[in-house]
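Mapping to the UniProt record's numbering: the sequence shown position 124 is 124, numbers consecutive.
Here's the structure we're looking at; comments come further down.
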Amino acid sequence: MVRLTLDLIAKKSNLKPRKEETTLQYLKKITHINFSAKNIDAIEDLSLCKNLSVLYLYDNCISQITNLNYATNLTHLYLQNNCISCIENLGSLKKLEKLYLGGNYIAVIEGLEGLERLRELHVESQRLPLGEKLLFDPRTLHSLAKSLSILNISNNNIDDVRDLEILENLNQLIAVDNQLLHVKDLECLLNKLMKLWKMDLNRNPVCLKPKYRDRLILVSKSLEFLDGKEIKNMERQFLMNWKASKDAKKISKKRNSKNEDISNSHISNFETMHHIVPIYYPQVGKPKLVFFSDTQRCLANGNASPESSQ
């Protein structure tokens, strides 16, 4: 295994120092370091690289994020496909904009408090124990609420994304190959993420639900791409017209049902107020129906008033 040191950087860097430059001067002016796929397993003290802005360390064997506190000018950090199990020691990277951590052993997205400029977070395909899913620390989500615009959480056994509602400026969400199941949860999420224009949920169980695509298009006015397919204006307008027609029919049906209930109530009240008593006339032989009021019924029974009959 190899440790990333200042000597290694000075020897292997693509940028060579000028003849009149000292090693110290050379290291200070380096802005990009690329040691991807070099069997790196640890990061040594690189504090002399004051102007480092982009660090490529993907496809290595790094198990712990260390010695990056000095890199206050770092904007891009590539650590995907290593052996990292914990996100740590990044709090001083105040200018960090893009963080790539896919293909590691991370179980909880945490430790990103204070990274107020972070725009992209890529944590796809974590190598988790069977049955476990990627989790989100609420403190980290709260810290990233206003800055994060792109989030990749694909292939992490995730079955619920409602915690992401707080990411108010998110405009791209990539969550393919997970276990998302409920359209209603996604509708709630889209109601909160008003700036989201791209969402990819391919190969989730929810994609097989009836009217899945239609329902998500209807609930989000900002969404332009869903599962890699563009949402045309004609498609959205058709669905909006269909929904408006369906809603109008529901309202009409409800109104008719209400009117019918009122009509039935009037008939019931009429029957309560008037007692139907059959009267027989001997000369005719057939009964006729005569309506009596409560007062008439009491008089017919020999009572003085309705109250006395009670």
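Even glycine gets a Cβ: it sits at the ideal position worked out from N, Cα and C.
What does the alpha-carbon distance come out to for the pair L68 and P205? Looking up residue 68 in the sequence shown gives position 68. Looking up residue 205 in the sequence shown gives position 205. So the two alpha carbons sit approximately 40 Å from each other.
Can you confirm whether the region 125-132 touches the region 101-111 when touching is taken to mean that 3 or more C-beta pairs between the two stretches lie within less than 8 Å? yes
Quick one: residues in its chain with C-beta nearer than 8 Å to the C-beta of T66, no 5 flanking neighbours on either side, listed in chain order? Within the sequence shown, the letter at position 66 stands for residue 66. Once the five neighbours on either side are set aside, the close Cβ partners of T66 are A42, I43 and N89.
In the DSSP assignment, find the beta strand (DSSP E) that holds V2 and state where it starts and stops. On the sequence shown, position 2 is the one that residue 2 refers to. From DSSP, the beta strand (DSSP E) with V2 extends over V2 to L4.
Using DSSP with H/G/I as helix, E/B as strand and the rest coil, what is Q172? The residue labelled residue 172 in the question sits at position 172 within the sequence shown. In the structure shown, Q172 sits in a strand (DSSP, three-state: E or B).
Which same chain residues, not among the five before or five after S85, have their C-beta less than 8 Å away from its C-beta? Against the sequence shown, residue 85 aligns to sequence position 85. So the list reads S63, N104, Y105, I106 and A107, once near-sequence residues are dropped.
Helix, strand or coil, according to DSSP, for I166 in the structure here? Residue 166 sits at position 166 when you count from the first residue of the sequence shown. Three-state DSSP puts I166 in a helix.
Within the same chain, show all residues whose beta-carbon is closer than 8 Å to that of V2, passing over the 5 residues directly before and after it, in chain order. The sequence position of residue 2 within the sequence shown is 2, counting from 1. Excluding residues within five positions, the ones whose Cβ falls inside 8 Å are L8, K38, N39, I40 and D41.
For my contact list, Y58 and L79 are in at a C-beta cut-off of 8 Å; report their separation, rounded to the angstrom. Position 58 of the sequence shown, counted from the start, is the residue given in the question as residue 58. Position 79 of the sequence shown, counted from the start, is the residue given in the question as residue 79. That belief holds up - the Cβ atoms of Y58 and L79 are roughly 6 Å apart, short of 8 Å.
Beta-carbon spacing of L148, L167 below 7 Å: The count along the sequence shown starts at 1 and reaches residue 148 at position 148. The count along the sequence shown starts at 1 and reaches residue 167 at position 167. Yes, the pair counts as a contact, with Cβ atoms nearer than the cut-off.
When the Cα atoms are used, what is the spatial distance from T140 to N233? On the sequence shown, position 140 is the one that residue 140 refers to. On the sequence shown, position 233 is the one that residue 233 refers to. When rounded, the distance between both Cα atoms is 36 Å.
Which residue wins for smallest C-alpha separation from D200, given the options S92, S36 and D177? For the purposes of this step, residue 200 is identified with residue 200 of the sequence shown, where counting begins at 1. The shortest Cα separation from D200 among S92, S36 and D177 belongs to D177.
How would you label I30, buried or exposed, when you count the other beta carbons within 10 angstroms and need 16 or more for buried? Position 30 of the sequence shown, counted from the start, is the residue given in the question as residue 30. Buried.
Throw me the rounded Cβ distance for the L96 and L121 pair, which I believe falls under 8 Å. Numbered from 1 along the sequence shown, position 96 holds the residue referred to as residue 96. Numbered from 1 along the sequence shown, position 121 holds the residue referred to as residue 121. 10 Å between Cβ atoms; not a contact.
Please tell me whether V219 and L190 are closer than 7 Å, where the distance is taken between their beta carbons. As a first step, residue 219 is located in the sequence shown; it is residue number 219 there, counting from the start. As a first step, residue 190 is located in the sequence shown; it is residue number 190 there, counting from the start. For V219 and L190, yes; Cβs fall inside 7 Å.
Cutoff 7 Å; reference L112; Cβ partners in own chain excluding five residues on either side: In the sequence shown, residue 112 corresponds to position 112, counting from 1. Within the same chain, L112 has close Cβ partners I87, L90, L118, T140, S143 and L144.
Do L196 and N171 have their C-beta atoms within less than 7 Å of each other? Along the sequence shown, read from residue 1 onward, the residue named residue 196 stands at position 196. Along the sequence shown, read from residue 1 onward, the residue named residue 171 stands at position 171. Yes. Within cutoff.
Since M194 and S222 should fall inside the 8 Å C-beta cutoff, what is the C-beta to C-beta distance between them, to a whole number of angstroms? Along the sequence shown, read from residue 1 onward, the residue named residue 194 stands at position 194. Along the sequence shown, read from residue 1 onward, the residue named residue 222 stands at position 222. Yes, M194 and S222 are in contact; Cβ-Cβ is about 6 Å, under 8 Å.
Give me the residue from K184, I231 and E20 with the minimum Cα distance to P210. Along the sequence shown, read from residue 1 onward, the residue named residue 210 stands at position 210. Of the candidates K184, I231 and E20, the one whose C-alpha sits nearest the C-alpha of P210 is K184.
For the beta strand (DSSP E) holding D214, just list the boundary residues, first then last. What you label residue 214 is simply residue 214 of the sequence shown in a count that begins at 1. Segment Y212 to V219 is the alpha helix (DSSP H) holding D214; no beta strand (DSSP E) there.
Hey, L55 and L77: beta-carbon distance below 7 Å or not? Translated into positions along the sequence shown, residue 55 becomes position 55. Translated into positions along the sequence shown, residue 77 becomes position 77. Going by C-beta atoms, L55 is nearer than 7 Å to L77.
Mind checking whether L74 and L46 have CB atoms under 7 Å apart? Stepping through the sequence shown from its first residue, residue 74 is reached at position 74. Stepping through the sequence shown from its first residue, residue 46 is reached at position 46. Contact: no.
Give, in chain order, every unbroken run of the beta strand (DSSP E) that is at least 3 residues long and sits entirely within the region 25-58. 32-34, 40-43 and 54-56
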